[in-house]
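Chains S and C supply the protein sequences, listed in that same order. First residue of the first sequence: 1, per the working numbering; consecutive thereafter. First residue of the second sequence: 1001, per the working numbering; consecutive thereafter. See below for the structure under consideration.
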Amino acid sequence: AQTVTQSQPEMSVQEAETVTLSCTYDTSENNYYLFWYKQPPSRQMILVIRQEAYKQQNATENRFSVNFQKAAKSFSLKISDSQLGDTAMYFCAFSRANAGGTSYGKLTFGQGTILTVHP
Amino acid sequence: GAVVSQHPSWVICKSGTSVKIECRSLDFQATTMFWYRQFPKQSLMLMATSNEGSKATYEQGVEKDKFLINHASLTLSTLTVTSAHPEDSSFYICSAREGMRNTEAFFGQGTRLTVV
């Protein structure tokens, strides 16, 4: 079974600054996917960024980037130039990959981190 | 991008009644759908995995007779909460995976259920 741990229940950052959210996971799988999801007050789940375990290069999406440390089973999210619209709950999530390398789609979530961006 | 529509967005029902929540994939065929439950300020917990044309697979601790899941077509899965009680009040979210896509499942907007 997989576990995902987010040890920061709440974080805050000033607008335009950088913040890093932490995530660790445990699995015996060799290939898998890791995700960061954003859940704003509307509660719609929004995919922020994804990382496939066999890819060594860290994923980036505009202001969002990850630090993926496979051996340490760590997957942190860095948000640069924070904006007020980044205020949300952020979830780290894990999904196994099948033999074809695709994600099963079934997600195990961490506890979440509430991020508040202050003006 | 792929769109998943969940209906209703919110529902209030009386204790002892049943309520049905629909999850539709609008522009792709969803071979697999997932149902999650989320309490306020908490994480999403997987309830069950639904595959088109077969019985759902429930996670440990989820009462299959209470949470009936049907996935009769490639675009629709339903979750029926039977004999609802106040403790069933929660936020229910579905996600759908299209067989050929390889990176993610797409989420509906969720349904807030309040049992009074």
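Every residue, glycine too, gets a C-beta built ideally from N, C-alpha and C.
Contact list for ILE1012(C) against chain S, beta-carbon separation under 7 Å: Under the 7 Å cutoff, chain S gives no residues; its nearest Cβ is about 17 Å from ILE1012(C).
Near-chain S residues of the stretch 1036 to 1054 of chain C (beta-carbon distance less than 9 Å), N- to C-terminal order: Contact annotation: in the stretch 1036 to 1054 of chain C, residues whose CB is within less than 9 Å of a CB in chain S are TYR1036, GLN1038, LYS1041, GLN1042, SER1043, LEU1044, MET1045, LEU1046, THR1049.
Nonlocal neighbours in the same chain, by C-beta distance under 7 Å from ARG1097(C), ignoring five residues either side: Within the same chain, ARG1097(C) has close Cβ partners ALA1030, THR1031, THR1032, ALA1105.
C-beta contact flag for LEU21(S) and LEU115(S) at 8 Å: Against a cut-off of 8 Å, the Cβ pair of LEU115(S) and LEU21(S) comes out as a contact.
Alpha-carbon to alpha-carbon, VAL19(S) and SER65(S): The alpha-carbon atoms of SER65(S) and VAL19(S) are separated by roughly 11 Å.
Beta-carbon gap between VAL1004(C) and SER1095(C) smaller than 8 Å: Taking 8 Å as the Cβ cut-off, VAL1004(C) and SER1095(C) qualify as a contacting pair.
Three-state secondary structure (DSSP) of GLU17(S): Coil at GLU17(S), not helix or strand.
Alpha-carbon to alpha-carbon, VAL13(S) and ASP1088(C): Their Cα atoms are separated by approximately 35 Å.
Beta-carbon proximity check, LYS1020(C) vs VAL1116(C), cutoff 8 Å: No. Outside cutoff.
Alpha-carbon spacing of GLY101(S) relative to THR5(S), whole angstroms: One Cα belongs to GLY101(S), the other to THR5(S), and the distance between them is close to 24 Å.
Any C-beta of chain S under 8 Å from that of GLU1104(C): Taking a beta-carbon distance threshold of 8 Å, GLU1104(C) counts as an interface residue toward chain S.
Cα-Cα separation, GLN1119(C) to THR113(S): Outside the displayed span of chain C (1001 to 1116) sits residue 1119(C), for which this structure offers no information.
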